[in-house]
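**Student:** Just dropping this structure here.
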Amino acid sequence: MAQQEEVFKKLVSHCKEYGFVFPSSEIYDGLGAVYDYGQMGVELKNNIKKYWWDSMVLLNENVVGIDSAIFMHPTIWKASGHVDAFNDPLIDNKDSKKRYRADVLIEDLMAKIDDKIEKEVEKAAKKFGESFDADLFRQTNPRVQENVAKRTEIHTRFAKALNDGNLEELRQIIIDYDVVCPISGTKNWTEVRQFNLMFATEMGSTADGAMKVYLRPETAQGIFVNFLNVQKTGRMKIPFGIAQIGKAFRNEIVARQFIFRMREFEQMEMQFFVRPGEELQWFEFWKDRRLKWHKAIGLGDKKYRYHDHDKLAHYANAATDIEFEMPFGFKEVEGIHSRTDFDLGSHEKFSGKKIQYFDPELNKSYVPYVVETSIGVDRMFLSVLAASYDEERLEGGDTRVVLKLPAPLAPVKLAVMPLVKKDGLPEKARQIIDDLKFDFNCQYDEKDSIGKRYRRQDAIGTPFCVTVDHQTLEDNCVTIRHRDSMQQERVAISALRGIISEQVSMKNFFKKITE
Ligand code: GAP
Numbered sequence: 002m003a004q005q006e007e008v009f010k011k012l013v014s015h016c017k018e019y020g021f022v023f024p025s026s027e028i029y030d031g032l033g034a035v036y037d038y039g040q041m042g043v044e045l046k047n048n049i050k051k052y053w054w055d056s057m058v059l060l061n062e063n064v065v066g067i068d069s070a071i072f073m074h075p076t077i078w079k080a081s082g083h084v085d086a087f088n089d090p091l092i093d094n095k096d097s098k099k100r101y102r103a104d105v106l107i108e109d110l111m112a113k114i115d116d117k118i119e120k121e122v123e124k125a126a127k128k129f130g131e132s133f134d135a136d137l138f139r140q141t142n143p144r145v146q147e148n149v150a151k152r153t154e155i156h157t158r159f160a161k162a163l164n165d166g167n168l169e170e171l172r173q174i175i176i177d178y179d180v181v182c183p184i185s186g187t188k189n190w191t192e193v194r195q196f197n198l199m200f201a202t203e204m205g206s207t208a209d210g211a212m213k214v215y216l217r218p219e220t221a222q223g224i225f226v227n228f229l230n231v232q233k234t235g236r237m238k239i240p241f242g243i244a245q246i247g248k249a250f251r252n253e254i255v256a257r258q259f260i261f262r263m264r265e266f267e268q269m270e271m272q273f274f275v276r277p278g279e280e281l282q283w284f285e286f287w288k289d290r291r292l293k294w295h296k297a298i299g300l301g302d303k304k305y306r307y308h309d310h311d312k313l314a315h316y317a318n319a320a321t322d323i324e325f326e327m328p329f330g331f332k333e334v335e336g337i338h339s340r341t342d343f344d345l346g347s348h349e350k351f352s353g354k355k356i357q358y359f360d361p362e363l364n365k366s367y368v369p370y371v372v373e374t375s376i377g378v379d380r381m382f383l384s385v386l387a388a389s390y391d392e393e394r395l396e397g398g399d400t401r402v403v404l405k406l407p408a409p410l411a412p413v414k415l416a417v418m419p420l421v422k423k424d425g426l427p428e429k430a431r432q433i434i435d436d437l438k439f440d441f442n443c444q445y446d447e448k449d450s451i452g453k454r455y456r457r458q459d460a461i462g463t464p465f466c467v468t469v470d471h472q473t474l475e476d477n478c479v480t481i482r483h484r485d486s487m488q489q490e491r492v493a494i495s496a497l498r499g500i501i502s503e504q505v506s507m508k509n510f511f512k513k514i515t516e
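Numbering (our numbering), first residue to last: 2 to 516.
Below is the structure:
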């Protein structure tokens with residue numbers, strides 16, 4: 002774990018050093034849990050958003066997109082339940098005066114026990130070699146059994162406390178299992194209290210009587226309140242989906258782990274409207290589809306797992322998370338929720354407008370049910386970077402830091418480098434860029450040795466480097482160097498577009514999603 006934390010720290014500084022992510026307002030000492038994306042970061046982020054958007058609206062003819070405003074009528078947040086129930090259970094340590102989310106303290110406790118179990122199994126696997134039977138060991142080893150029982154007990158109490166909204170019991174679990182404050186090391190805890198996560202501001206001048214409005218905590222409500230607009234103007238037939246990418250804001254109290262939990266972040270959400278009674282089958286469809294979307298980019302299938310929810314929101318009849326193995330453990334990147342007719346039904350009630358769909362096949366009107374897929378852009382960004390960051394030991398003892406980004410997501414697709422800054426080589430390199438720059442994001446680099454230039458491109462994850470040398474002027478051939486294998490080959494300039502397109506096209510991902 003310590004080693005993982007070390008790698009994570011290096012990743013955070015790498016993000017800053019190479020223009021991926023900067024702390025917000027840095028010259029004023031930063032602003033907690035708010036970050037800016039730099040020149041490389043914005044390209045990677047845009048590529049992630051394009052991958053998601055196209056996979057929704059190009060791959061599915063019954064999914065269309067919208068872009069709704071961040072400000073919305075305040076009653077929307079009453080109808081959605083956010084005013085009354087969008088809370089985190091908070092607890093303070095009286096000695097350190099630090100504030101924590103009680104549910105996160107308990108989740109961390111369970112994760113520590115899981116770690117202990119896995120370490121025990123790994124140790125035994127090393128000791129017993131090939132004959133080791135991990136399942137049998139888990140079932141029979143007394144220390145593993147003891148930890149499994151402890152974890153099950155905590156989990157049962159935790160799930161019940163969350164379901165019952167029992168804040169005292171959450172505190173009791175923290176006390177019973179000796180959870181201490183990481184800063185003070187003491188168990189001197191306050192009561193657990195609920196804290197609403199929405200940011201509020203005012204619209205209009207006070208003379209007019211300003212209206213309290215919220216910065217949206219999710220993009221989904223912008224989709225629900227536009228359901229009829231899109232259905233009618235797009236002549237959409239159920240089942241159909243509405244997709245949206247946009248900013249969301251939450252006053253996270255325990256904001257940590259870099260861009261994993263931010264106060265201003267971005268979501269990619271799709272609400273899929275279906276006939277009542279068909280929602281669970283669509284839930285399974287989207288659960289499967291979304292995992293395929295993640296796996297298609299090739300970060301490693303073992304890095305993903307589903308986490309089905311123990312505690313269902315009162316309006317949901319199924320919910321699961323797709324978790325990714327971050328450097329700090331498996332964490333939620335996306336949620337897939339079967340939200341029944343709660344949202345549309347509630348907006349019908351609060352707005353007094355009929356929000357229904359006339360189903361010509363059934364010859365009746367109903368409030369559609371909804372299956373939602375909701376993924377955080379920033380968490381996706383973090384998972385891609387974390388899995389791609391590598392410190393590779395080279396022959397001769399050198400280390401190269403390389404981002405092995407999936408080529409279609411890489412910020413820069415190719416760097417073109419004249420071997421020397423004279424003899425017409427820079428001009429030839431520029432010609433190549435002029436020919437390719439409308440197809441791919443290209444970079445021109447003539448500074449320092451070729452070796453140093455390769456390292457710079459490795460550090461930002463550029464899949465191809467193209468070197469122009471004196472021979473190029475005679476035979477119109479260049480050396481292309483592949484980032485991951487570091488293999489170099491001599492190819493005709495006229496072949497570059499084809500070689501690069503094949504690797505960087507998102508079609509490679511889309512085929513895997515639908516196969
Ligand atoms: N409309 C449903 C919804 O908002 P959620 O589970 O609260 O569900 C969906 O959020 C996704 O948004 C999460 O899986 C996560 O990727 C992202 N997300 C939520 N809060 C976040 C935060 N504070 N910082 C970064 N990403 C966040």
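Glycine included, every Cβ here is placed at the ideal spot set by N, Cα and C.
Using C-beta distances below 6 Å, list every residue in its chain close to residue 204, excluding the 5 sequence neighbours before and after it, in chain order.
**Tutor:** The residue labelled residue 204 in the question sits at position 203 within the sequence shown. Contacts found: 212 and 214.
**Student:** What residue range is occupied by the uninterrupted alpha helix (DSSP H) comprising residue 187?
**Tutor:** For the purposes of this step, residue 187 is identified with residue 186 of the sequence shown, where counting begins at 1. Looking at the DSSP string, residue 187 is not in any alpha helix (DSSP H), and its letter there is neither H nor E.
**Student:** In its own chain, which residues sit with a C-beta less than 7 Å from the C-beta of residue 229, not counting the 5 before and 5 after it?
**Tutor:** Here residue 229 is taken as the residue at index 228 of the sequence shown, counted from 1. For residue 229, where only same-chain residues beyond five positions count, the Cβ hits under 7 Å are 356.
**Student:** DSSP three-state label for residue 271, please.
**Tutor:** For this step, residue 271 is matched to residue 270 along the sequence shown. Of the three classes helix, strand and coil, the one that applies to residue 271 here is strand, per DSSP.
**Student:** By the 10 Å Cβ neighbour count, where 16 or more other Cβ atoms means buried, how is residue 196 classified, buried or exposed?
**Tutor:** If you number the sequence shown from 1, residue 196 lands on position 195. Exposed.
**Student:** Taking 7 Å as the cut-off, is the C-beta of residue 266 nearer than that to any heavy atom in the ligand GAP?
**Tutor:** Counting from one through the sequence shown, the residue named residue 266 turns up at place 265. Result yes, Cβ under 7 Å from the ligand GAP.
**Student:** If you drop the 5 nearest sequence neighbours on each side, which residues of the same chain put their C-beta closer than 6 Å to that of residue 346?
**Tutor:** Position 345 of the sequence shown, counting from 1, holds the residue named residue 346. Result list for residue 346: 368, in chain order.
**Student:** Can you tell me whether residue 539 is buried or exposed, with buried defined as 16 or more other CB within 10 angstroms of its CB?
**Tutor:** One cannot answer for residue 539 here, as it falls past the ends of the chain, which runs 2 to 516.
**Student:** Look at the Cβ atom of residue 377, then the Cβ atom of residue 244, and state whether they are nearer than 8 Å.
**Tutor:** Indexing the sequence shown from 1 puts residue 377 at position 376. Indexing the sequence shown from 1 puts residue 244 at position 243. Not a contact, by the Cβ cut-off of 8 Å.
**Student:** Could you pull out every unbroken alpha helix (DSSP H) segment of at least 4 residues lying fully inside the segment 39-77, listed in chain order?
**Tutor:** DSSP runs (the alpha helix (DSSP H)) wholly in the segment 39-77: 40-58.
**Student:** So residue 148 is in the alpha helix (DSSP H); what residue range does that whole segment cover?
**Tutor:** Reading the sequence shown from its first residue, position 147 is the one you call residue 148. Note, residue 148: alpha helix (DSSP H), 143-165.
**Student:** Going by DSSP, what residues sit across from residue 327 in a beta bridge?
**Tutor:** Along the sequence shown, one-based indexing puts residue 327 at 326. DSSP output for residue 327 lists 330 as bridge partner(s).
**Student:** Quick test of the definition: if touching needs 3 or more C-beta pairs under 8 Å, does the segment 151-168 touch the segment 106-115?
**Tutor:** Yes, the segment 151-168 touches the segment 106-115.
**Student:** If I follow the unbroken beta strand (DSSP E) through residue 308, where does it start and stop?
**Tutor:** Looking up residue 308 in the sequence shown gives position 307. Unbroken beta strand (DSSP E) run through residue 308: 305-309.
**Student:** Please indicate yes or no: does the CB of residue 102 lie closer than 7 Å to some heavy atom of the ligand GAP?
**Tutor:** Here residue 102 refers to the residue found at position 101 of the sequence shown. For the ligand GAP, not one heavy atom lies less than 7 Å from the Cβ of residue 102.
**Student:** May I have the straight-line CA-CA distance separating residue 237 from residue 63, to the nearest angstrom?
**Tutor:** Here residue 237 refers to the residue found at position 236 of the sequence shown. Here residue 63 refers to the residue found at position 62 of the sequence shown. Cα to Cα, the separation comes out at about 7 Å.
**Student:** Where does residue 488 fall in DSSP's three states?
**Tutor:** On the sequence shown, position 487 is the one that residue 488 refers to. It is coil, neither helix nor strand.
**Student:** Tell me the DSSP bridge mates of residue 343?
**Tutor:** Reading the sequence shown from its first residue, position 342 is the one you call residue 343. The partner list for residue 343 (beta bridge, DSSP) is empty, contrary to what the question assumes.
**Student:** Candidates 23, 40 and 32: which alpha carbon is nearest residue 411's?
**Tutor:** In the sequence shown, residue 411 corresponds to position 410, counting from 1. The residue with the shortest Cα to Cα distance from residue 411 is 40.
**Student:** Could you tell me whether any non-hydrogen atom of the ligand GAP is closer than 7 Å to the CB of residue 145?
**Tutor:** Position 144 of the sequence shown, counted from the start, is the residue given in the question as residue 145. No, the beta carbon of residue 145 sits no closer than 7 Å to any heavy atom of the ligand GAP.
**Student:** Relative to the ligand GAP, is the shortest distance from any of its heavy atoms to the C-beta of residue 379 smaller than 7 Å?
**Tutor:** Position 378 of the sequence shown, counted from the start, is the residue given in the question as residue 379. Indeed, a heavy atom of the ligand GAP lies less than 7 Å from the Cβ.
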